[in-house]
Structure formats: structure tokens, C-alpha cells
Amino acid sequence: MQLSEQELVRREKLSQLRALNINPYPAALFPLDHTTKQIKSAFEEGKKVVIAGRLMSRRIQGKASFAELQDSEGRIQVYFNRDEICKSEDHTKYNEVYKKLLDIGDFIGIEGVLFTTKVGEKTVMVKEFTLLSKSLKPLPLPKTDSEGKTYDEFNDPEMRYRQRYADLVVNPHVKEVFIKRSKLFTAMRTFFNNRNYMEVETPILQSIPGGAAAKPFITHHNALDIPLYLRIANELYLKRLIVGGFDGVYEFSKNFRNEGMDRTHNPEFTAMEIYVAYKDYHWMMEFTEQLLEYCAIAVNGTTKATFTKHEIDFKAPYPRVTMTNAIKQFTGFDISGKNEEELRKAAREMHVTVDETMGKGKLIDEIFGAKCEGNFIQPTFITDYPKEMSPLCKEHRDNPELTERFELMVCGKEIANAYTELNDPIDQLQRFEEQVKLSEKGDDEAMFIDRDFVRALEYGMPPTSGLGIGMDRLIMFLTNNPSIQEVLFFPQMRPERKVELTEEEKMVLHILKPLKKMKLEDLKTQVALSNKKWDTAIKGLTTKKMAQVEKTEEGLFVELK
RNA sequence: GAUUUGGUAGCUCAGCUGGUAGAGCAUCUCACUUUUAAUGAGAGGGUCCUGGGUUCGAGCCCCAGCCAGAUCACCA
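So for the first sequence, the numbering used here puts the first residue at 46; every next one is plus one.
Right under this line is the structure:
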């Protein structure tokens, strides 16, 4: 890799520091006793503090200098004064080490005393400083003026996602999103633990990927010599634990789906699933709205959240609308009692694209997705889904065509999905078998039969209600980010390709070497490269200082350096 | 997958009809002891995403590709 001028300068500073007997990467701990936030919240003139962080800006004025130090909680101004740092005649520490050999991005430790400047800025007067880690690569450097306006913001999404570390250093609002994400997880855990539900872990490598309709990633276990799948959901394992006798189990589950990527889908994402024995989906709706209200307050301090143009309110309770009524409301069509053909015809009349492979459930889902889904902005429970599209859900107590299922819609998107769980093993096996028929019909996302799961149900599972929440989507809503990549530290990206184009340069050198110097025209014809390749090659060689182009009276010459 | 926009200095971005590549910040040198987007003077820094084509000449035009964003489709 070719180093830029600034990177070379910083490497040169490294050896100068070492020559001054300063280790740019010392091993010893640094005994800091304050953070920048603590200093600001409990400011006391003359107080001694020890702090550490990254140098983020410098305003040097001869024998004095102001700088900003950034730690995990923010920034504080620090004041370097030559006569404070260098008590003797030797001014090396200020003039050389601080002014010349430190750079923006370096980690330093500071011992100092608090004071307020003429302009009223809370500042640390530096008495002693230690280099803790030298930064060799210049950070992108956004600047903010007195009105809070940001210049030169580091905002290219590709670079921000690929180099999230740099993004986090220079963009405080990005860090804020992930702090909120962490708060959300903590809030949910607290909510569940307070009710004595237990956090568990279940396999990520599964030989039958179950619990959802999705395409899995496949891998291979060498010792067992079997294929294994990365989980697409953890539902079936959590229900096995309910069979085993736990009253409530939950898991934050990293799931993997080998499908398309866009601003709401990443190949790996996080779901939370919870199963509670002796409950049904009505109970679960109340539980869910309580949970979300609690989480919204824990994350943002309020039940209200802004998402794009919408102001949403997570305050419980949320309206409940059956899928049948939702469709009736937005299309005027009543799906109840209709057969497959009637549904397909109705869908086509509404200009919903459907095809012959779709069964009743899928047709209803398509109509709902196209005509209704987008209309539910405030949190709304959509209930009672068709049986065909819910193979793990118990049949509706009042209508055998439906299931006891709800989804929670926010801003037209699903963020939670819950059932009164199917615990009849014979019914469950039949539902799996229907999935196999769908798969034979060409549905490549229909579920596999999990016979071990059926065996577990045969031992008996208490009536249970389960809930799944898309954590990434929820945090998108709570932090007003329409892109999933903004709420994942490291969203999946196509790998960067290494570019090494020295082949042409080698060819040029090979011809030039024995002669040391030759006419540019001769060299060019001998290498026989295209104009473009020739140009890049000779440019590359001159920038690498391996050859030089000279113009004399006799014409252009290339000389070996 | 389709459509579309973009890729130029460490960062943010200009770049005219195709005629030797520009600015601000950052970097380097000098001045400056309470500044805050510090200031003043000077200097250096480029694989114009990659490859091919057209042309006397391409950052710019044409073709192919790579990467990313947006919209749509698919998918939950």
C-alpha cells in the first residue's frame, strides 16, 4: 500500500519520539480519575484532575495552545502553556513533543487543574501530559462552528460503514444510536427479568432450520460430516424449553437469512423471542404494549418517537384490528368465507399481483400487504391471520379458518409477531405436512418437518403464548433511522478489493533497466502497451520515484532513478 | 433483479464546448502566552474507481466492469 504524505509524516514522528526516549505505545495503565462529562457536571475552579482521551483539535498560538480532548463521554478544552509544561530552560516537551510530534487523533493522558478562560470556557490547564498511543492515520475531521453548524462532515455511507471505527470517533450522533440500542436491550431484559422470565441460549447451528419461512445459510460440520444451517429463528427450541418445564424463556437471537439486502434487510439480524406458559395471545397483546411503552421511555425518556415524517406514540394500549376488518376497511372487500378462486379474482380486481401458485393464505397476505399494511402508522395490532400462513400457530377458538396470531404494525411495518402457540402435536404434524405440499408446489420457503419438535409436543406443552420482536427494526423506529445499516455497527458489505497494478510498470522497468535512459517514444513502442496503460504505468513509476521524464532539446527522455 | 445518482488531494466538494487538475479544512515551514470553524505569511500533496474505445488531445464523450446510495420488485 502506498502511504500518503501525511501518513509518512506521522511515521517519521514515531521515530523522532523514540529518539527522545518517548514510547509512543506505552504498556502501563494510565491512572485517570475523571471523564470529560464528570469535569463539566461537577466543575470546580482549581480542582486537580487526571484525564485521558484523543486529541481532536488544536489552536496553537506560539507559547500557548488550546486543544480539545475527546473521551468516551464527550470533549473538554485543554490548555497547553509552555511555561506550565516546561519548568526549566529546556522547552523540548512543549516546542517539540507537543507542537511538532503530536497529531490530531493521538491518545494522550493529562494531569491538570481546572480553570475558566476569559471567554468562559471550562478548561483543563495541563501540568503534565503523556503520550498513550500515536495515531498514524489522519482522521476525517468535521468541524462545528459556534452556531452548531457542521462543516466537512464525514458522511459518505460506504466509508462510514466500512470504517465504523472512524465514524464513531468523529460523529457523536452515530455513537448515540448505539448507546440507545444498548439501552433498549437492557430495558427488555429488565422488563422480563422483573417478571421472572429466564434468558436462555439455544443453538445457532441447526440441522433443521425451523421457526420461520426463509432461506437459510448452509455450512458443513467436518467431524460429523453433515450439513448444518445457521438459524433463521429460535422459536422451536424455545418451545422445547417450555415443554421442559420453564414458565417463561426468552432469547436475543442472532438470525441469518440468505436473502436480498436492502435498507431494511441485513443477512444477519437480531430478533427477541419470548414464550410464556399458560398465556394466550390476548394476554400477549397487553404484555407487548406494556413492554414497548417501557422500552420507549427507557431509551428516549418519552413514549413519543419521531420516524421520518411521522410522530408515533408507544403509549399503551394499542388498537386491535382483525385482518378481515382491516381488508374490509381499506378495500371494501370481505374475505370471510371466500374460496381460493374468489380471493384471486378479488385481488386481481384490486390490481394486486398474484399468481396460480398462491394459496388462500398467501392471497390474503398479498391483499393486506398491498392495500392495508402501509396505513397503520401508530402502533396497531393486526389479529387473526389465515391458517395457511401460520403453521406454528393455534387455530382460532371461534373460527377454524383463522389462527390466534397478531402482528404489531408501526409506520406501516411489522415489528412484532405473536401467537397462541400450537401445542396439539397431531395438528402440528399435519401443518408441517401441508408445508411440504407448498414446497412441492414451488414455495422454496416452506418449512421442513421437524420430527423432534413434534416429539417434544407429544410429551405435552402447556398452553403458551410466544412473541417475536425485530430488534433492529424497533431501534430504527426509536432512533429515527430509516436504514438498518445505521443501527448495526458492522452492516454486511461487499468485501473491498485490493488493487495492485504493477504488472505494466514491471514491463516498462524491464526494458528501461539495461539502458538507464532512453527516448520516451522508443520506450513506449517497445513496451507496446495501449496509450492508457502506458500512461498509467509511466505515471506510476514517476510517482514512485523509480523513473523520471525529462524534456530536452532532442525530445522527451525517460531516465531510471 | 430493474431503474437511477454518484466515485476527483487525508476529509468535504468545485471543475466551463474535450485543451497542462482547483478551493476550504487537514499537513509542512515561519510568526503569535486565554483561543474556540483562532489568526497572518509561505510551501507541499492527485492511479480524477478500473479496463477498453473515439480523438492530435479525455476528469469530461462512448462501451464494459467494480463499489456505494436512492427508488421499485422480491422477501418478512
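Backbone N, C-alpha and C fix where the C-beta goes; we use that ideal spot for every residue, glycine too.
Residues that residue i bridges to, as DSSP identifies them
{"i": "T309", "result": "Paired residue(s): none; T309 is not in a bridge."}
{"i": "D358", "result": "K349"}
{"i": "M454", "result": "T425, E459"}
{"i": "Y320", "result": "V294, G511"}
{"i": "K93", "result": "V158"}
{"i": "P431", "result": "L447"}
{"i": "T465", "result": "S510"}
{"i": "S102", "result": "E113"}
{"i": "M243", "result": "V294"}
{"i": "Q607", "result": "Lying outside 46 to 606, the shown extent of the chain, residue 607 is not represented and no answer is given."}
{"i": "R365", "result": "F426"}
{"i": "G153", "result": "The residue you asked about is not Gly; residue 153 is Ile in the sequence shown. Bridge partners of I153: G98, L176."}
{"i": "F332", "result": "F332 is not bridged to any residue."}
{"i": "C340", "result": "DSSP, once it has assigned bridges, lists no residue as partnering C340."}
{"i": "T315", "result": "K299"}
{"i": "E440", "result": "T448"}
First through last residue of the alpha helix (DSSP H) which encompasses residue i
{"i": "M521", "result": "516 to 524"}
{"i": "P470", "result": "470 to 485"}
{"i": "R56", "result": "50 to 64"}
{"i": "I372", "result": "368 to 376"}
{"i": "V288", "result": "280 to 288"}
{"i": "G414", "result": "405 to 416"}
{"i": "Y504", "result": "496 to 504"}
{"i": "E394", "result": "385 to 394"}
{"i": "T133", "result": "According to the sequence as given, residue 133 is Ser; it is not Thr. Element bounds for S133: n/a, residue is neither H nor E."}
{"i": "T81", "result": "81 to 86"}
Contact set for residue i: own chain, Cβ-Cβ below 6 Å, skip 5 residues either direction
{"i": "C456", "result": "F352, H355, I422"}
{"i": "E50", "result": "none"}
{"i": "T607", "result": "The question about residue 607 has no answer, for the chain in this structure spans 46 to 606."}
{"i": "Y139", "result": "R127, I130, C131"}
{"i": "T428", "result": "R365, T367, F451"}
{"i": "L336", "result": "F236"}
{"i": "S86", "result": "none"}
{"i": "P470", "result": "V499, L502, E503"}
{"i": "T465", "result": "D325, Y326, K439, E449, S510"}
CB-CB length for residue i against residue j, believed under 8 Å
{"i": "P254", "j": "Y274", "result": "4 Å"}
{"i": "C438", "j": "L483", "result": "16 Å between Cβ atoms; not a contact."}
{"i": "Y326", "j": "F451", "result": "6 Å"}
{"i": "V222", "j": "V532", "result": "6 Å"}
{"i": "R308", "j": "I520", "result": "14 Å between Cβ atoms; not a contact."}
{"i": "F359", "j": "E338", "result": "5 Å"}
{"i": "G511", "j": "I249", "result": "In fact, because the Cβ distance is near 19 Å, the residues do not count as touching under 8 Å."}
{"i": "K405", "j": "P431", "result": "6 Å"}
{"i": "A343", "j": "A268", "result": "A343 to A268, Cβ: 44 Å. No contact."}
{"i": "A350", "j": "A341", "result": "6 Å"}
The beta strand (DSSP E) enclosing residue i, as first and last residue numbers
{"i": "F301", "result": "293 to 301"}
{"i": "F534", "result": "No beta strand (DSSP E) holds F534; DSSP gives it neither H nor E."}
{"i": "R120", "result": "119 to 126"}
{"i": "I263", "result": "263 to 266"}
{"i": "Q115", "result": "109 to 116"}
{"i": "I271", "result": "271 to 275"}
Other residues of its chain near residue i: CB distance less than 8 Å, five sequence neighbours each side excluded
{"i": "N241", "result": "D292, G293"}
{"i": "T168", "result": "F111, I121, Q122, V123, Y124, L159, F160, T161, T162"}
{"i": "N311", "result": "D517, I529, Q530, L533, P536, Q537"}
{"i": "P69", "result": "L59, L62, R63, L176, S178, K179"}
{"i": "R55", "result": "D148, K179, S180, L181, K182, P183"}
{"i": "L229", "result": "C340, A343, V344, M516, L519, I520, L523"}
{"i": "P507", "result": "I287, A322, Y323, N468"}
Beta-carbon proximity list for residue i, same chain, < 7 Å, skipping 5 on both sides
{"i": "I105", "result": "K144"}
{"i": "A259", "result": "I277, R302, E304, E490"}
{"i": "H266", "result": "L273"}
{"i": "Y206", "result": "Q530, P536, M538"}
{"i": "I514", "result": "A316, M317, I460, A461"}
{"i": "P185", "result": "F199, A211, V215"}
{"i": "V94", "result": "D78, H79, I84, G157, L159, V169"}
{"i": "E118", "result": "T80, T81, K82"}
{"i": "K220", "result": "L213"}
| task | For the segment 155 to 221, list the beta strand (DSSP E) runs that are entirely contained and at least 3 residues long, ordered along the chain. | result | The segment 155 to 221 contains these whole beta strand (DSSP E) runs: 167 to 178.
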